[in-house]
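Report on the following structure.
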Amino acid sequence: MELSMLKKIGALAIGPSDTFELEHRCYNGVCLAAGLGCLFGAVNNLFVGLPLIATLATALVGIIYLLLYNDSRRRESYRPFIWLYILNGAFLLAMTWFFNGGISGPDTFISMVALVALSVVMKTDRCQVVFYFFLPIMSLLFLTEYYYPLTVTGYSNQTQRFTDVYLSLVVSTTVIYAILATILQSYKSEKKQAEAVNLLLSEKMRLLNQTNADLQKAMAEIKTLTGMLPICAACKKIRDDQGYWNQIESYISEHSDAAFSHSICPACARKLYPELEHDV
64 MELSMLKKIG
74 ALAIGPSDTF
84 ELEHRCYNGV
94 CLAAGLGCLF
104 GAVNNLFVGL
114 PLIATLATAL
124 VGIIYLLLYN
134 DSRRRESYRP
144 FIWLYILNGA
154 FLLAMTWFFN
164 GGISGPDTFI
174 SMVALVALSV
184 VMKTDRCQVV
194 FYFFLPIMSL
204 LFLTEYYYPL
214 TVTGYSNQTQ
224 RFTDVYLSLV
234 VSTTVIYAIL
244 ATILQSYKSE
254 KKQAEAVNLL
264 LSEKMRLLNQ
274 TNADLQKAMA
284 EIKTLTGMLP
294 ICAACKKIRD
304 DQGYWNQIES
314 YISEHSDAAF
324 SHSICPACAR
334 KLYPELEHDV
């Protein structure tokens, strides 16, 4: 019951699937989680005694993400601010790198979250842009620390480092799990819908095939006469496709469902049986 309630709350937070596409829902989820995570990180920075500028910058990034989330949910569109979303993440990476211990800090976890978060909101044909944008930034940060180690602010003690890294790990794992859960839930929902549609199509195809078979059977049983019929002007015989002349009765009976019952009209009766003219 509690798990179902959490799913409903999560779906309400990122938006309904019938209104927001998968990329949009992931964007909403990342902005909300990143915003809350950054505000939580700012409080954590104060607690562990990190520089004030790092605390303020982290809080600013969190506020920007929450504003992006609010705008996306309100306008039901996220494309106009996608690059602000990306640049805000890049700024968060650089800021945490220089003020949170560099390679010894939580940036390794944050970078993985950033890569996933940037990839899931981009269209398929633009995912490579994320890679080409992300890899140079991380490479530059590594090289900067290697050649200019004094640019990176370290931790004053082991407890400070442990607390910062551990809390960042918890937040990063939660964000990645939320992204994967959203994608898997969307996949299962769309798969279920596709299976229902396929089942309906299969049933319609079965009925259509049955109807076609019934129509073909009915057409085979129906005999009709169409086209031009060559008929003798004198004896009224009909010529068939093989060139043979057939009595009109036998030809029509063979090529249709009509049946003949012979009789005689008054004109023919007077001609053939004049002695019976007074009876006609």
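Under our numbering, the first residue of the sequence shown carries the number 64, and numbering increases by one thereafter.
Backbone N, C-alpha and C fix where the C-beta goes; we use that ideal spot for every residue, glycine too.
Quick one: measure Cβ to Cβ for residue i and residue j, integer angstroms, because I've assumed they're closer than 8 angstroms.
i    : j    : result
G100 : V234 : 4 angstroms
V238 : A96  : 5 angstroms
N151 : Y128 : 6 angstroms
L155 : I173 : 7 angstroms
P143 : D227 : 34 angstroms between Cβ atoms; not a contact.
A117 : N163 : 7 angstroms
C94  : I242 : About 12 angstroms; that fails the 8 angstroms criterion.
T214 : F161 : 6 angstroms
K300 : I311 : 7 angstroms
S135 : N91  : 6 angstroms
Y148 : H87  : Incorrect: roughly 12 angstroms between the Cβ atoms, too far for contact.
G112 : S202 : Between S202 and G112 the Cβ distance is about 30 angstroms, and since that is not below 8 angstroms, they are no contact.
L198 : A157 : Going by Cβ atoms, the distance from L198 to A157 rounds to 14 angstroms, so no, they are not a contact pair.
Rounded to the nearest angstrom, what separates residue i and residue j at their Cα positions?
i    : j    : result
V176 : Q256 : 30 angstroms
I200 : A153 : 8 angstroms
R138 : S182 : 22 angstroms
L119 : S265 : 60 angstroms
L263 : T82  : 24 angstroms
A105 : T159 : 11 angstroms
Y195 : T245 : 25 angstroms
T216 : L178 : 24 angstroms
M64  : L271 : Residue placement at M64 is poorly supported in this model, since its pLDDT is 45, which falls under 50; the coordinates still yield a value, given next. Those two C-alpha atoms are separated by around 44 angstroms.
L232 : Q223 : 14 angstroms
Y250 : P79  : 14 angstroms
L292 : V260 : 51 angstroms
S313 : E338 : 31 angstroms
D303 : N309 : 7 angstroms
K267 : S252 : 23 angstroms
F103 : L109 : 10 angstroms
Q273 : Y307 : 40 angstroms
K334 : I327 : 11 angstroms
Q279 : L75  : 54 angstroms
Q191 : A276 : 52 angstroms
W146 : V193 : 11 angstroms
A332 : S324 : 17 angstroms
Q305 : A321 : 22 angstroms
Y336 : I294 : 27 angstroms
A296 : H318 : 21 angstroms
L230 : P114 : 17 angstroms
L130 : G98  : 9 angstroms
Is residue i helix, strand or coil by DSSP?
i    : result
I294 : strand
I327 : coil
N309 : strand
T216 : coil
P79  : coil
S319 : coil
Y210 : helix
Y336 : coil
Y141 : coil
Can you tell me where the alpha helix (DSSP H) holding residue i begins and where it ends?
i    : result
G152 : 145-162
V183 : 170-183
N133 : 115-138
E86  : 85-111
Under the DSSP definition of a beta bridge, which residues are partnered with residue i?
i    : result
I200 : None, per the DSSP bridge assignment.
R302 : W308
Taking CB distances under 8 angstroms as the criterion, tell me whether residue i reaches chain D.
i    : result
I173 : Protein chains in the displayed structure number just one, and chain D is not present.
Between residue i and the ligand MG, is the CB less than 7 angstroms from at least one heavy atom?
i    : result
D303 : With respect to the ligand MG, the structure shown offers nothing to examine, as it has no ligands at all.
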